[in-house]
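Per our numbering: the sequence shown = residues 248 to 367. Positions of the beta carbon are idealized from the N, C-alpha and C atoms, including for glycine. If you're wondering where the values come from, they're calculated on a predicted model, not measured in any experiment. Working notes, structure below.
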Amino acid sequence: MPVRRGHVAPQNTFLDTIIRKFDSQSRKFIIANARVENCAIIFCNDGFCAMCGYSRAEIMQKPCTCNFLYGPHTKRLAIAQMAQALLGSEERKVEINLYRKDAPSSPLLIAHFRPLIGQE
Numbered sequence: 248m249p250v251r252r253g254h255v256a257p258q259n260t261f262l263d264t265i266i267r268k269f270d271s272q273s274r275k276f277i278i279a280n281a282r283v284e285n286c287a288i289i290f291c292n293d294g295f296c297a298m299c300g301y302s303r304a305e306i307m308q309k310p311c312t313c314n315f316l317y318g319p320h321t322k323r324l325a326i327a328q329m330a331q332a333l334l335g336s337e338e339r340k341v342e343i344n345l346y347r348k349d350a351p352s353s354p355l356l357i358a359h360f361r362p363l364i365g366q367e
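So, in structure tokens, the structure goes:
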């Protein structure tokens with residue numbers, strides 16, 4: 248039996264294509280559904296889980312703003328820029344301090360947001 252990787256619908260070839268493309272490039276990423284409240288995360292790859300220290304089950308259905316990764320030095324301006332990029336459907340690179348679950352005192356990454364417009 249194949250391993251289910253998140254809540255991606257089995258017949259959604261658009262999402263399957265995105266997942267295969269980014270997984271093959273060894274990228275760490277999430278996919279969220281902009282049509283539901285809080286733009287809930289519907290997929291996260293193994294690289295993202297390893298990077299942030301959370302299990303897939305802990306990440307699924309959280310807001311795509313990844314507020315569970317905010318820490319003491321996460322700036323409000325960076326959060327606002329990230330939200331603007333996500334709501335405005337524009338690609339943007341935002342320098343934001345996000346934190347691992349098991350290391351809340353050391354910043355984790357700079358995020359690159361790329362909204363994708365998909366199928367209905």
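With a threshold of 16 other CB atoms inside 10 Å of the CB of residue 256, please say whether the residue is buried or exposed.
Note on residue 256: pLDDT 49, under 50, position unreliable in the model; the coordinate value appears next. It counts as exposed.
So what's residue 256 in DSSP terms, helix, strand or just coil?
Because residue 256 sits at a pLDDT of 49, beneath the cut-off of 50, its placement in the model cannot be relied upon, and the following sentence gives the value as read from the coordinates. Residue 256 falls in the coil class under three-state DSSP.
Would you mind giving the Cβ-Cβ distance between residue 324 and residue 345, rounded to the nearest angstrom? I have them listed as a contact below 8 angstroms.
With 8 angstroms as the limit, residue 324 and residue 345 do not qualify as a contact, their Cβ atoms being about 15 angstroms apart.
Enumerate in chain order the residues of its own chain whose CB-to-CB distance from residue 348 is below 6 angstroms, with the five nearest sequence positions on each side excluded.
300, 301
Length of the line joining the Cα atoms of residue 303 and residue 327:
26 angstroms
Using DSSP with H/G/I as helix, E/B as strand and the rest coil, what is residue 340?
strand
Identify the residues that DSSP records as bridge partners of residue 291: which are they?
277
To the nearest angstrom, report how far apart residue 351 and residue 298 are at their CA atoms.
13 angstroms
Along the chain, where does the alpha helix (DSSP H) that runs through residue 334 open and close?
323 to 334
How is residue 352 classed by DSSP in three states: helix, strand or coil?
strand
Cα separation between residue 343 and residue 337?
17 angstroms
Taking DSSP as the reference, what is the three-state secondary structure of residue 316?
helix
Would you mind stating whether residue 277 and residue 308 have Cβ atoms separated by less than 8 angstroms?
no
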